[in-house]
Amino acid sequence: GKRMKNFESKLIAYIFGIQEPIDEHAYAILGRAAIHAVLGILTFELTINVMSFLIPFHSYEDAFYIMSSIQLTGIFLILIATTTLAIRKHGLGKEEVTADAYPAALKRARRKAFLSSIVSTAIFHLLGAILSLREQGFLTSLVDKHRLIQTAIFFVFFTAMILFAVKRNLKIISNDD
Numbered sequence: 005g006k007r008m009k010n011f012e013s014k015l016i017a018y019i020f021g022i023q024e025p026i027d028e029h030a031y032a033i034l035g036r037a038a039i040h041a042v043l044g045i046l047t048f049e050l051t052i053n054v055m056s057f058l059i060p061f062h063s064y065e066d067a068f069y070i071m072s073s074i075q076l077t078g079i080f081l082i083l084i085a086t087t088t089l090a091i092r093k094h095g096l097g098k099e100e101v102t103a104d105a106y107p108a109a110l111k112r113a114r115r116k117a118f119l120s121s122i123v124s125t126a127i128f129h130l131l132g133a134i135l136s137l138r139e140q141g142f143l144t145s146l147v148d149k150h151r152l153i154q155t156a157i158f159f160v161f162f163t164a165m166i167l168f169a170v171k172r173n174l175k176i177i178s179n180d181d
C-alpha cells in the first residue's frame, strides 16, 4: 500500500520532473495526460499499420526496421508531448524555486533535458538512416561512419542548447512572504 504509493510518486517526480509531494490534483492531471497519450498512440498505430501496406518497400528487412523505428519514435514522442504539455499547462513542473531548492531543481531539470536530448538524437539518427535508403540498406545506414559522426555532433550541440535553455528557465524566488 503506502510503500508502493511512495515508490510511485518518487518515480513520477523523477520521470516528469514534478516537485514532491505529489497530490491528488497532480495525479488527476497526469491521469488525463495518460488518457490523451493512449488515444494518441492508438490513432498513431492504426495510421502506421495502414501506411505500412501502402508504402512500396523493396526489402522486407528494411520494412521491418523502418516501421519498428518509426513506431518506437512515435510512441516516445506522443508520451513526451502529452505529459509535457499537461505539466506545463497546469504549472506542475514549477520553474520558480527558492534558493535552497535550486540545486535539486537544476539537477532534475538537467536530467530531464538530457533524456529528451537522447531521444531527439535517436530520432535524428533514425530519420537520417530512413532518408538515405536509396543509397544503402537501413542497417548499413544506421552504422555508417559519417552518419554516426553527424549524429554525435547533433547530440553535442542539441544537448548544450537544451541545458542552456533549462538553466535560463529556472528562476530563484525569495521565500519571504
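Take the position in the sequence shown, starting the count at 1, then add 4; the result is the number in my numbering. Note that beta-carbon positions come from the ideal geometry of N, C-alpha and C, so glycine has one too.
Alpha-carbon spacing of residue i relative to residue j, whole angstroms
i, j, result
"K171", "I59", "43 Å"
"V101", "V123", "27 Å"
"I22", "L96", "6 Å"
"E182", "L152", "Not covered by the structure: residue 182. The range shown for the chain is 5 to 181."
"A38", "S178", "34 Å"
"F128", "L110", "26 Å"
"L46", "A67", "21 Å"
"I16", "N53", "31 Å"
"V147", "T51", "29 Å"
"H150", "T144", "11 Å"
"I70", "F142", "7 Å"
"S56", "R7", "44 Å"
"L130", "T155", "10 Å"
"A103", "A126", "35 Å"
"A169", "E49", "33 Å"
Residue i - DSSP class collapsed to helix/strand/coil
i, result
"I22", "coil"
Neighbourhood of residue i by C-beta, 7 Å cutoff - its chain only, sequence neighbours within 5 removed
i, result
"G44", "I82, T86"
"I26", "S13, I16, A17"
"A9", "Inspection of the sequence shows that residue 9 is occupied by Lys rather than by Ala. Within the same chain, K9 has no close Cβ partners at all."
"F118", "T163"
Sequence-distant residues of its chain with Cβ nearer than 6 Å to residue i (five each side left out)
i, result
"S121", "F162, T163, I166"
"F61", "A67"
"A108", "none"
Chain-order list of residues whose beta-carbon lies under 8 Å from that of residue i (same chain, five-residue window excluded)
i, result
"Y106", "L174, I176"
"A41", "I82, L83, T86, T87"
| request: Spell out a yes or no on whether the stretch 155-171 and the stretch 85-98 are touching, meaning 3 or more CB-CB pairs, one atom from each, closer than 8 Å. | output: Because the criterion of three Cβ pairs below 8 Å is not met, the stretch 155-171 and the stretch 85-98 do not touch.
| Which runs of the alpha helix (DSSP H), 4 residues or longer, sit entirely within the stretch 25-71? | Here the runs fully enclosed are 28-58.
| field | Segments assigned alpha helix (DSSP H), at least 4 residues, entirely inside the stretch 97-148 | value | Taking only runs of at least 4 residues, the alpha helix (DSSP H) segments lying wholly in the stretch 97-148 are 106-135, 142-146.
| query | With a cut-off of 8 Å, do at least 3 Cβ pairs link the stretch 72-83 to the stretch 122-137? | reply | Contact holds: three or more Cβ-Cβ distances are below 8 Å.
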